[in-house]
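**Q** 151 is the number of the first residue of the sequence shown in the numbering used here; add one for each residue after it. Just so you know, even glycine gets a beta-carbon here, dropped at the ideal spot from N, CA and C.
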Amino acid sequence: MFHEITDQELQTRKRRRIIAVVAVLVLAVAIGGGALLVRRAQREQCAAALHDTILNSAKQCCAIEGSYPKSLKHLEEDYGLTINHNDYIVSYEYFAGNIMPSVVVTPR
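1. For the alpha helix (DSSP H) containing ILE181, list its first residue and its last residue.
2. Am I right that LEU205 and VAL255 are in contact with their C-beta atoms under 8 Å? What's the rounded C-beta distance?
3. Can you tell me the Cβ-Cβ gap for GLU194 and PRO257, rounded? I've got them flagged as a contact below 8 Å.
4. Note down, in chain order, each residue of its chain lying with its Cβ closer than 8 Å to the Cβ of PHE245, except the 5 sequence neighbours on either side.
5. Sort SER207, GLN161 and VAL171 by Cα distance to THR232 and report the nearest one.
6. Looking at LEU225 and VAL240, is the spacing between their C-beta atoms short of 8 Å?
7. Looking at the structure shown, is GLU154 part of a helix, part of a strand, or coil, going by DSSP?
8. Buried or exposed: which applies to ALA197, given that a residue is buried once 16 or more other Cβ atoms fall within 10 Å of its Cβ?
9. On the DSSP bridge list, what partners appear for TYR238?
Rendered as structure tokens:
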């Protein structure tokens, strides 16, 4: 009742193992790539939300004080705006008190 394993069966098993390992690696790369794309999209959405928040704070300042703030520091100190400067580069350009400032938010 002893079943001898032939060379052909050994090659078939080896081939199946290789296919399984390659399939697992392909799946791992696909999941990792998908996670990277999702993270990048999330950072872009957060940057857009931060941009809108800065403009809304500037509008609120203009409504209360009668002019747009000259700097982000004013919004951060007096209006409670918090910006994670480690994750985002924020460009705030003030032109005049009655013209809305230009705001550009870029993820690092």
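**A** Reading off the structure:
1. 157 to 215
2. With a Cβ gap of about 10 Å, LEU205 and VAL255 do not count as contacting.
3. 7 Å
4. PRO251 and SER252
5. SER207
6. no
7. coil
8. buried
9. PRO257
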